[in-house]
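Going letter by letter, the sequence shown gives residues 49 to 114 in my numbering.
Every residue gets a Cβ at the ideal spot worked out from N, C-alpha and C, and that includes glycine.
One structure below.
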Amino acid sequence: MSCKSCQSQHQRNFGAEIAIHFPGLKGLEKPLVWLFPKPLVCLDCGFTEFTVPEEELRVLAQGTPL
49 MSCKSCQSQH QRNFGAEIAI HFPGLKGLEK PLVWLFPKPL VCLDCGFTEF TVPEEELRVL
109 AQGTPL
């Protein structure tokens, strides 16, 4: 598969920890949503993509904790 941004074949998967927080001052009252994806990083342009798991996606969509 080639990079969606620069079409390079020079990509690699990595392990990651990502904490997503809700925007604005109201977001400070909500818990962080932790993700542990395996992002695919283009090593030429830096474009990165990963999928948010269904349960965490529901939390982000509804704004309520698990």
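Identify the continuous beta strand (DSSP E) that holds residue i and give its terminal residues.
{"i": "Gln59", "result": "Gln59 to Asn61"}
Smallest Cα separation from residue i: which of the options?
{"i": "Cys54", "options": "Glu65, Phe95 and Arg106", "result": "Phe95"}
{"i": "Leu18", "options": "Gln59, Leu105, Phe98 and Glu97", "result": "No statement about residue 18 is possible, as the shown extent of the chain runs from 49 to 114 and does not include it."}
{"i": "Asn61", "options": "Leu91, Glu102, Glu103 and His69", "result": "Leu91"}
How many whole angstroms separate the CB atoms of residue i and residue j, which I take to be in contact at a CB cut-off of 8 Å?
{"i": "Leu83", "j": "Val107", "result": "Rounded, the Cβ-Cβ distance is 10 Å, inconsistent with contact."}
{"i": "Ala64", "j": "Pro85", "result": "6 Å"}
{"i": "Phe98", "j": "Pro87", "result": "4 Å"}
Which of helix, strand or coil does DSSP assign to residue i?
{"i": "Ala67", "result": "strand"}
{"i": "Gln110", "result": "helix"}
**Q.** Start-end ranges of the beta strand (DSSP E) lying completely within the region 75-99, minimum 3 residues
**A.** Segments of the beta strand (DSSP E) lying fully in the region 75-99: 81-83 and 88-90.
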